[in-house]
Amino acid sequence: MKGVILAGGTGTRLRPLTHIINKHLLPVGPYPMIYWPILKLKEAGIEEILIITNKEDLSSFINLLGLGEVLDVTLTYKIQQKAGGIAEALSLAKPFAGNEKFIVLLGDNIFQESLGPFIASFENQSIGARVLLKPVTDPMRFGIAEIDKRKKIITSIVEKPEKPLSNYCVTGIYMYGSKVFEYIEKLTPSERGELEITDVNTFYIKDNSLQYDILTGWWVDAGTPHSLFQANELVYRHVLKDH
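According to the working numbering, the sequence shown is numbered sequentially starting from 6.
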């Protein structure tokens, strides 16, 4: 299986830091943020990785990571020409993924657990897609999934609901097959002019084929000053405690 890391965007919630640097290059523990998703993929046995970023920051990623030699992986890069949404960025992975199953990580998701068991479950899944969920205390801030525990499928996803039907946040960890690119081609831009990943996942929901696993360890979307601080704190407390 191959891995895709989405590392574009403008990082508006982290300004003024991101006026001069892509947020995925900001420090989390002793490493730039982008190291963590790469290391998680490598830990799970995935060494062919595509990084999708914007034109302005591509040279910074190449200067830092090269073609992956420093982390003993194989990296390729793709440029997202404009901020067209997560699904639009994902569409750029089609030549890289081919007909294989692959895993997608949002580059600002920092988490504790190994991806290996979840990837193994997806490899044994005959149809559909798989996402990882995380119980949260503030569901109105996230995309929230309603689940059918008996069938182990997601039945709906609502972005930032006023009245959440659960507390299961959809994390930025997704697993797809090549069918995802057909669904992306059917999308129309949302009100904010982007192709939304929630709309992609809704196609699978309509087919009753969006399965899930639940993260039990810590998880942070490090896209704000507070959550970036939290990610650093968790990494130093749990990952680097003996260093």
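All C-beta atoms, glycine included, are put in the ideal place defined by N, C-alpha and C.
Where residue 187 is concerned, the enclosing alpha helix (DSSP H) starts and stops at 184–190.
Counting every other CB atom within 10 Å of its CB across the protein chains shown gives residue 227 a total of 16 or more, marking it as buried.
Bridge pairing for residue 150: 162, 173 [DSSP].
Taking a 10 Å sphere around the C-beta of residue 62, we find 16 or more other C-beta atoms and assign the residue as buried.
Here DSSP, grouped into helix, strand and coil, assigns residue 224 to strand.
In the three-state scheme derived from DSSP, where H, G and I count as helix and E and B as strand, residue 30 is classed as helix.
Short of 7 angstroms from the beta carbon of residue 56, and not among the five residues preceding or following it, lie these beta carbons of its own chain, in chain order: 10, 12, 66, 80, 82. For residue 76, the closest alpha carbon among the candidates 41, 92, 101, 106 is that of 41.
Secondary-structure assignment with DSSP links residue 14 through no beta bridge to anything.
Below 8 angstroms, too few C-beta pairs join the segment 98–108 and the segment 200–217 to call them touching: fewer than three. Per the coordinates, the alpha-carbon of residue 26 lies some 39 angstroms from the alpha-carbon of residue 214. Distance between residue 14 and residue 29, taken at the CA atoms: about 10 angstroms.
Contact annotation: residue 141 and residue 172 have beta-carbon atoms nearer than 7 angstroms. Judged by DSSP in its simplified three-state form, residue 180 adopts strand. In the structure shown, the three-state DSSP call for residue 124 is helix.
By a beta-carbon distance limit of 8 angstroms, residue 234 does not contact residue 99. Their separation comes to about 36 angstroms. Taking the Cα of residue 156 as reference, the smallest distance to any Cα among 128, 218, 201 is reached at 218. Per DSSP, reduced to three states, the secondary structure at residue 51 is coil, with no helix or strand assignment.
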